[in-house]
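A.B. asks: Add 1 to a position in the sequence shown, counting from 1, and you land on the number used in the working numbering.
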Amino acid sequence: MKTGATFTFIQPGHPLYAGELELRFRVLREPLGHTRDDVAFPFEADSLHLVAHHEEVVLGCVLFNPEDAHGGRLFQMAVAPHLQGQGLGARLVRTLEVELARRGLTHVHLHARAPAVPFYERLGYAVFGDPYTEVGIPHRDMRKTLG
Ligand SMILES: CC(C)(COP(=O)(O)OP(=O)(O)OC[C@H]1O[C@@H](n2cnc3c(N)ncnc32)[C@H](O)[C@@H]1OP(=O)(O)O)[C@@H](O)C(=O)NCCC(=O)NCCS
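#1: Express the C-alpha separation of G105 and F26 in angstroms, rounding to a whole number.
#2: Return the CA-CA distance between A19 and A6, expressed in angstroms with no decimal places.
#3: Could you please give me the residues that DSSP links to P67 through a beta bridge?
#4: Excluding the five sequence neighbours on either side, which residues of its own chain have a C-beta within less than 6 angstroms of the C-beta of Y121, listed in chain order?
#5: Tell me whether P132 counts as near ligand 1, meaning its Cβ is closer than 7 angstroms to at least one heavy atom of that ligand.
#6: Where E1 and T107 are concerned, what is the direct C-alpha to C-alpha distance, given to the nearest angstrom?
#7: Would you list, in sequence order, the uninterrupted alpha helix (DSSP H) runs of no fewer than 4 residues that lie entirely inside the segment 76-144?
#8: Got a sec: does ligand 1 put a non-hydrogen atom nearer than 7 angstroms to the Cβ of V99?
#9: Please name the residue in A70, L84 and G90 whose C-alpha comes closest to that of M78.
#10: Could you name the residues that DSSP lists as bridge partners for G34?
#11: Cα separation between L33 and H71?
#12: Using a 10 Å radius around the Cβ and a threshold of 16 neighbouring Cβ atoms, would you call Q12 buried or exposed?
#13: Among G148, P16, L29 and D47, which residue has its Cα nearest to the Cα of R103?
#14: Where does the unbroken alpha helix (DSSP H) through L24 begin, and where does it stop?
#15: Are A115 and P139 touching if we call contact CB-CB under 8 angstroms?
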């Protein structure tokens, strides 16, 4: 997956947004038995949306909600199943972090599904606090200070 993917920051209404929502549904919500109504977040329009795509096909995405002048929450991290494990997720996070640093943001936190904790640890994120359940799945809070 070193070639073939373009990384673009978009907003709701962009031609790639429907593909982003569909990927989020397929990867993050449908496996839990949720409907498409559960995909959008209340702070959708206030968030950064980074999509990896090949032409009009969305292959992966990650979102970031700014919470204050220093940082915010990374969320809705998803890679198309047939491309997982090929480095695309890491490239999405690193591309997002470069943009956050460019904007002067230094603090990122996220709610990691337990199986994804090692993925975020590889990217320099550290677990904090106690385990908890969200959307019926064990989660850990994680955070990173951008260097
Ligand atoms: C989690 C997810 C986003 C990771 O993206 P990905 O493209 O598959 O991951 P990458 O190939 O970029 O992996 C980067 C590194 O993390 C490691 N890694 C990824 N997933 C891992 C896992 N579950 N356990 C251990 N290591 C993992 C990779 O081996 C790789 O290590 P390396 O740097 O030594 O090569 C993707 O698998 C996914 O969409 N999963 C389903 C949805 C999900 O769980 N999203 C996260 C919600 S919090």
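Where is the CB? At the ideal position from N, CA and C, for every residue including glycine.
C.D. replies: Concretely, from the data shown:
#1: So the alpha carbons of these two residues sit roughly 31 angstroms apart.
#2: Computed Cα separation, rounded: 18 angstroms.
#3: In the DSSP secondary-structure assignment, P67 is bridged to G73.
#4: If we look at Y121 and ignore the five residues flanking it on each side, its Cβ neighbours are A113 and M143.
#5: In this structure, P132 has its beta carbon at no less than 7 angstroms from each heavy atom of ligand 1.
#6: Nothing about residue 1 can be reported from this structure: the residues present for the chain run from 2 to 148 only.
#7: The qualifying runs are 89-103 and 118-123.
#8: No.
#9: The option with the nearest alpha carbon to M78 is G90.
#10: Beta-bridge pairing by DSSP links G34 to no other residue.
#11: A straight line joining the alpha-carbon of L33 with that of H71 spans about 33 angstroms.
#12: Classification for Q12: exposed.
#13: Across the set G148, P16, L29 and D47, the C-alpha of G148 shows the shortest separation from the C-alpha of R103.
#14: First-last of the alpha helix (DSSP H) with L24: Y18 to R25.
#15: Taking C-beta atoms as the reference points, A115 and P139 count as a pair closer than 8 angstroms.
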